[in-house]
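In what follows, a structure is listed as structure tokens, so that the remarks can point back to it.
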DNA sequence: TGAGCAGACTAACAAGTGTTAGTTTTTACA
DNA sequence: TGTAAAAACTAACACTTGTTAGTCTGCTCA
């Protein structure tokens, strides 16, 4: 695989702009200005605005799907698996903060790959629910509606991209630990 | 105050479209089609696209600010206040689901009223933090970083608009109770 | 009945959109 | 140093954008 540094820079810059104003409000001329070039020159590196969005979103969505599958198939108890899911979100969001904004806010603007994205998201949530249900079966987790548990956790984890950039002195593993404490102790059945 | 039903319909319809695609991706012609009229006719009722966004966002933001002030100044303990904040979000989101999407996703597209909006949001969060800090002082709440607690709670509450429409059989007070259980028991210091 | 008016319409505008064609400049290296 | 590829440029396209001007329709009520 050859190195495509210029294309990568464009995509990274686009993600930053998409985070600030959303995909639809960012023009190719905005992106070109941020790159220090003219809009037409972008097309020496990318095929379309749509392609940029696709690359940003699909690659991260696949990272999540693969990550949760590994966690699900590991030999840990359910609460440990949930802690690992939290750590997965913290890690990906730390490495790809701007891209996470597009994943959350601009997925509906995918044109050719919307079905693919929705399939990945549904798989992810189905596996998440399975982990919770197994935790309820094994009496690790309070018998609350598993959808509400997932919704609560995912809402927080999906909003991390808004919050992580504000904490310049961020310690990644410490954040994951704190979030686990808050999110999991709440659903951990005290015996 | 005279009844402006047509204008209200336009704003309500706009909020629905904004929720699906975001402010920038919705055109005045989209809105007109959804209203069963031509784009130019919209201007018999509203002054600009921007005005629609302003009305949607500012009115709800003020509702939140007023609501949390009443809660903060009431004579309850801190955990009860947090439960009331949760109920406030559930109530407003149930009544104004589509408008909540604009509040969350499109505030950055406010042109003249961005400062006003940010002031309202900062006030809201400052009061929220005060409630948490008082709860920590009175030993009701675990001495965790109050920002992380607020972030966790607000992430979930601000995402409710995504989730409430999927639960057609929704019982509002039951949802508020479940969320309080999950969100608060996690930070409630067990003695 | 007929005057007034709210609210729809058609037509058009200036500016902005993503993208292409064709050309020039810069870079890498034989 | 000469050459070819990579990557920038100018100019323009067809279309879409929010919005305005001016007109027509149909309802209300004196």
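Residue numbers (the working numbering), protein chains in the order written: chain A, 1 to 191; chain B, 1 to 191.
Glycine is no exception: its CB is placed at the ideal position from the N, C-alpha and C atoms.
Task: Sub-9 Å separation of residue 192 (chain B) and residue 13 (chain B) beta-carbons - done: Because chain B is modelled from 1 through 191, residue 192 (chain B) falls outside the range shown and cannot be assessed.
Task: chain B contact residues for residue 144 (chain A), given Cβ-Cβ distances below 8 Å - done: 178, 181 and 182
Open item on the list: Against chain B, does residue 1 (chain A) count as a neighbour if the rule is that its beta carbon must be under 9 Å from one of theirs?
Closed with: The predicted position of residue 1 (chain A) is uncertain, since its pLDDT is 43 and thus under 50; a value taken from the coordinates is nonetheless stated next. Closer than 9 Å: no.
TODO: Could you tell me the boundaries of the alpha helix (DSSP H) in which residue 52 (chain B) lies?
DONE: 49-72
- [ ] Could you name the residues of the same chain whose beta carbon sits closer than 7 Å to that of residue 11 (chain A), not counting the 5 residues immediately before and after it, in chain order?
- [x] 52, 55 and 56
Open item on the list: Below 8 Å, how does it come out for the segment 146-163 of chain B and the segment 82-91 of chain B: are there three or more Cβ pairs, yes or no?
Closed with: yes
TODO: Please report how far the alpha carbon of residue 116 (chain A) lies from the alpha carbon of residue 96 (chain A), in whole angstroms.
DONE: 21 Å
Open item on the list: My assumption, with CB atoms under 8 Å, is that residue 129 (chain B) sits in contact with residue 135 (chain B). Please give the rounded CB distance.
Closed with: At roughly 11 Å, the Cβ-Cβ gap does not stay under 8 Å, so residue 129 (chain B) and residue 135 (chain B) are not in contact.
Open item on the list: Within 10 Å of its beta-carbon, does residue 73 (chain A) have 16 or more other beta-carbons around it, so buried, or fewer, so exposed?
Closed with: exposed
Open item on the list: Using a 10 Å radius around the Cβ and a threshold of 16 neighbouring Cβ atoms, would you call residue 191 (chain B) buried or exposed?
Closed with: With a pLDDT of 42 at residue 191 (chain B), under the threshold of 50, the modelled position of this residue cannot be trusted; read the value that follows with caution. Label assigned to residue 191 (chain B): exposed.
- [ ] Starting from the Cα of residue 147 (chain A), find the closest Cα among B:146, B:139, B:133 and B:164 and give me that residue.
- [x] B:164
Task: Any chain A beta carbon closer than 9 Å to residue 109 (chain B) - done: yes
TODO: Measure from the C-beta of residue 128 (chain A) to each C-beta in chain B and report whether the shortest distance is under 9 Å.
DONE: no
TODO: For residue 122 (chain A), I'd like the list of residues in its chain whose CB is within less than 7 Å of its CB, leaving aside the five on either flank, ordered along the chain.
DONE: none
Open item on the list: Determine, for residue 38 (chain B), whether the minimum Cβ-Cβ distance to residues of chain A falls below 9 Å.
Closed with: no
Open item on the list: Just checking: is the beta-carbon of residue 105 (chain B) within a distance shorter than 9 Å of some beta-carbon in chain A?
Closed with: yes
Open item on the list: Out of A:152, A:98, A:8 and A:41, which one is the CA nearest neighbour of residue 180 (chain A)?
Closed with: A:152
Open item on the list: Between A:145, A:104 and A:143, which has its C-alpha nearest residue 156 (chain A)'s C-alpha?
Closed with: A:104
Task: Contact set between residue 151 (chain A) and chain B, taken where Cβ atoms lie within less than 7 Å - done: 163
Open item on the list: Below 8 Å on the Cβ atoms is my contact criterion, and I expect residue 46 (chain A) with residue 7 (chain A) to pass it. Report the Cβ-Cβ distance as a whole number of Å.
Closed with: 6 Å
TODO: In the DSSP assignment, find the unbroken alpha helix (DSSP H) run with residue 89 (chain A) in it and report its ends.
DONE: 78-95
TODO: Have a look at residue 64 (chain A) and residue 124 (chain A) and give me their C-alpha separation to the nearest angstrom.
DONE: 7 Å
TODO: Select from the segment 21-33 of chain B all residues with a C-beta closer than 7 Å to any C-beta belonging to chain A, and list them in chain order.
DONE: 21, 22, 24 and 25
Open item on the list: Just verifying my parser: in three-state terms, what is the DSSP assignment at residue 172 (chain A)?
Closed with: helix
TODO: Report the three-state DSSP secondary structure of residue 46 (chain A) (helix, strand or coil).
DONE: coil
- [ ] Could you give the DSSP three-state label for residue 75 (chain B): helix, strand or coil?
- [x] coil
Open item on the list: Taking CB distances under 9 Å as the criterion, tell me whether residue 224 (chain B) reaches chain A.
Closed with: Only positions 1 to 191 of chain B appear in this structure, which leaves residue 224 (chain B) out of reach.
Open item on the list: Rounded to the nearest angstrom, what separates residue 5 (chain B) and residue 94 (chain B) at their Cα positions?
Closed with: 21 Å
TODO: Kindly say whether residue 121 (chain A), judged by its beta-carbon, lies nearer than 9 Å to any beta-carbon of chain B.
DONE: no
TODO: Compute the beta-carbon to beta-carbon distance between residue 32 (chain A) and residue 17 (chain A), rounded to the nearest angstrom, for a pair I have assumed lies under 8 Å.
DONE: Actually they are not in contact, since the Cβ atoms of residue 32 (chain A) and residue 17 (chain A) sit about 11 Å apart, beyond 8 Å.
- [ ] Drop a sphere of 10 angstroms on the beta-carbon of residue 167 (chain A), count the other beta-carbons inside from all chains shown, and report buried for 16 or more, exposed for fewer.
- [x] exposed
- [ ] Using a Cβ-Cβ cut-off of 9 Å, state whether residue 175 (chain A) counts as contacting chain B.
- [x] yes
TODO: Please indicate yes or no: does the CB of residue 160 (chain B) lie closer than 8 Å to some heavy atom of the ligand NAP?
DONE: Among the components modelled here there is no ligand, and therefore nothing to report on the ligand NAP.
TODO: Report all residues from its chain with a CB closer than 8 Å to the CB of residue 84 (chain B); omit the five preceding and five following residues, and keep chain order.
DONE: 71, 74 and 76
TODO: Flag residue 57 (chain B) as yes if its beta-carbon sits less than 9 Å from any beta-carbon of chain A, otherwise no.
DONE: no
Task: Extent of the continuous alpha helix (DSSP H) to which residue 163 (chain B) belongs - done: 160-163
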